[in-house]
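Student: Let me begin by handing over the structure; questions about it come next.
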Amino acid sequence: STEDSSNSTLHDHIDTFNFNPQQQIAYDIIVNHFTRRHLNADPDEPPLRMLMTGPGGTGKTYVVRAVKQMMMSHNAAHRIRFLAPTGSAAALIDGMTIHKGLGIKIERARKSNKENHTTKLREEWKNVDILFLDEASLLSAQLLCKI
């Protein structure tokens, strides 16, 4: 089947990562979702909402980099975005700050600007399937609501 051949292709390079069992599970969940949503173009596939937790050094970013590499190998790098609450955290994942990536302003914009801004953001994000938020523990409830 198409999904079987897609999955074998998606997992062909996996040996280079040498995941531990928990990393493998996280990677498989993301890759299987990507396969259904993007490669099989399933419009009924719901968004994946997933939280990877663990202390520093447990390999969360390693999994994210593997997912990015897999998506690049399928010419789908434009379907993934990397955001973090601080500039230094964003630099570590080759991403941008949440405020920059989502166009969140510190001060409120006028309604006319907000409508134009929303249209622009929708256009920029319309093909994005995966959003990685690093350092989620640093997010305030207010910022999480805006996201």
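For what it's worth, the UniProt record's numbering labels the leading residue of the sequence shown as 1, then goes sequentially.
A virtual CB, placed ideally from N, CA and C, is assigned to each residue, including glycine.
These figures come from a predicted structure and were not determined experimentally.
Pull the bridge partners of Arg81 from the DSSP assignment, please.
Tutor: Translated into positions along the sequence shown, residue 81 becomes position 81. Paired residues: Leu131.
Student: Compare the Cα-Cα distances from Lys126 to each of Phe17, Gly57, His78 and report the closest residue.
Tutor: As a working mapping, residue 126 is identified with position 126 in the sequence shown. Measuring from the Cα of Lys126, the nearest candidate turns out to be His78.
Student: How far does the alpha helix (DSSP H) with Lys100 in it reach, from first residue to last?
Tutor: Locating residue 100 in the sequence shown gives position 100, where the first residue counts as 1. Unbroken alpha helix (DSSP H) run through Lys100: 98 to 102.
Student: Between Glu135 and Thr97, how many whole angstroms is the CB-CB distance? I'm expecting something under 8 Å.
Tutor: Position 135 of the sequence shown, counted from the start, is the residue given in the question as residue 135. Position 97 of the sequence shown, counted from the start, is the residue given in the question as residue 97. Not confirmed; about 11 Å, so no contact.
Student: Taking the alpha carbon of Ala76 as the point to measure from, which residue in Ala41, Leu139, Ser140 has its own alpha carbon closest?
Tutor: Numbered from its first residue, the sequence shown carries residue 76 at position 76. Nearest option by C-alpha distance: Ala41.
Student: Given a threshold of 16 other Cβ atoms within 10 Å of its Cβ, counted over all protein chains shown, does Leu51 qualify as buried or as exposed?
Tutor: Taking the first residue of the sequence shown as position 1, residue 51 is located at position 51. Exposed is the call here.
Student: Leaving out the 5 sequence neighbours to the left and right, which residues in its chain are closer than 8 Å to Gly95 when beta-carbon positions are compared?
Tutor: As a working mapping, residue 95 is identified with position 95 in the sequence shown. For Gly95, where only same-chain residues beyond five positions count, the Cβ hits under 8 Å are Arg81, Phe82, Leu83, Ala84, Gly101, Phe132, Asp134.
Student: Got a sec, what are the start and stop residues for the alpha helix (DSSP H) Met71 sits in?
Tutor: Residue numbering aside, residue 71 sits at position 71 when the sequence shown is read from its first letter. Its alpha helix (DSSP H) spans residues 60 to 73.
Student: Please classify Ser140: does DSSP put it in a helix, a strand, or coil?
Tutor: Taking the first residue of the sequence shown as position 1, residue 140 is located at position 140. Of the three classes helix, strand and coil, the one that applies to Ser140 here is coil, per DSSP.
Student: Determine contact between the stretch 139 to 146 and the stretch 116 to 124, defined as no fewer than three beta-carbon pairs at a distance below 8 Å.
Tutor: Verdict: no, contact absent.
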